[in-house]
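Working notes for the structure below.
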Amino acid sequence: MSSSLLIAIDGPAAAGKGTLAKRLAVHYDLHYLDTGLLYRAVGRKAQAESLDLDDPDQMTTIARALDTSDLDEASLRGREAGELASRVAAHPGVRAALNAFQRDFARQAGGALLDGRDIGTVICPDADVKIFVTASAEVRARRRTDELNAKGRTVIYEKILEEVRQRDDRDSNRAVAPLKPADDAHLLDTSELDIESVFREACRLIDAREA
């Protein structure tokens, strides 16, 4: 396996890309970055410092100073952090700073794996392997519903399904870095696959490229 291997994992919410990305990073001994946490971390830091999330200059300053250690807070995966992220992501300066952060991470010695929504198309268009992980909206909504219910939250499948479809529409039709597979990405539909099957198929794709 190449010591400078760069893997880009993209896909919509609840498709299973995060679970897959973590396993692949361990399997291939690569530096791993969940890029979805970056905007959440900026929002959280701004909130902690009582800054105005709608101030582009303040938010850009926070984004430029971001460090990987800022991504370890458990609360970044909560609903509130997601709402904060959507506000700070509207600032072009924040996006430019975090794009630079991701590209610097990808250039690390020893190789890297990044997962997100525009890694293969915008952040790392020259990645060695690009995998676009997807699943039907219905399957993703069921997974998200089961996940939230398991955490003690009472949620309704139909409402989650509507939220998934709305988010897909926003992500796919936004003007900047829309969610879409790169032209040379491998499509991996996880709708009918369990975790082990998804992992094996991804390894097959990566190993075939390396061979």
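If you read the sequence shown in UniProt numbering, its first letter stands for residue 1, the second for the next number, and so on. Note that the Cβ used here is the ideal one computed from N, Cα and C, for glycine as well. Because the structure is a prediction, the values reported are computed rather than measured.
Across which residues does DSSP place residue i in a beta bridge pair?
{"i": "L6", "result": "A112"}
{"i": "D189", "result": "T134"}
{"i": "Y32", "result": "L113"}
Could you check what DSSP says for residue i in three-state terms: helix, strand or coil?
{"i": "I131", "result": "strand"}
{"i": "H27", "result": "helix"}
{"i": "D184", "result": "coil"}
{"i": "L98", "result": "helix"}
{"i": "D126", "result": "coil"}
{"i": "I156", "result": "coil"}
{"i": "A13", "result": "coil"}
{"i": "A74", "result": "helix"}
{"i": "D207", "result": "helix"}
{"i": "M1", "result": "Low local confidence applies: a pLDDT of 47 at M1 is under 50, so the model's placement there is unreliable, with the coordinate-based value given in what follows. Looking at M1 - three-state DSSP - the assignment turns out to be coil, as it is neither helix nor strand."}
{"i": "V42", "result": "helix"}
{"i": "D146", "result": "helix"}
I need the straight-line Cα distance from residue i to residue j, nearest angstrom please.
{"i": "G93", "j": "L30", "result": "29 Å"}
{"i": "A74", "j": "P125", "result": "30 Å"}
{"i": "M1", "j": "I119", "result": "In this predicted model, M1 has a pLDDT of only 47, less than 50, meaning its place in the structure is not dependable; the value taken from the coordinates is given anyway. Computed Cα separation, rounded: 21 Å."}
{"i": "P56", "j": "R167", "result": "24 Å"}
{"i": "L76", "j": "A182", "result": "28 Å"}
{"i": "D184", "j": "D207", "result": "16 Å"}
{"i": "A96", "j": "L179", "result": "17 Å"}
{"i": "A150", "j": "S4", "result": "39 Å"}
Can the beta-carbon of residue i be found less than 8 Å from the beta-carbon of residue j?
{"i": "L98", "j": "F105", "result": "no"}
{"i": "A89", "j": "I7", "result": "no"}
{"i": "L187", "j": "V198", "result": "no"}
{"i": "Y32", "j": "A14", "result": "no"}
{"i": "P12", "j": "R143", "result": "no"}
Sort the options by Cα distance to residue i and report the nearest one.
{"i": "R117", "options": "G111, F101 and T134", "result": "T134"}
{"i": "G43", "options": "L24, E80, D67 and S69", "result": "E80"}
{"i": "G18", "options": "V155, F132 and T145", "result": "F132"}
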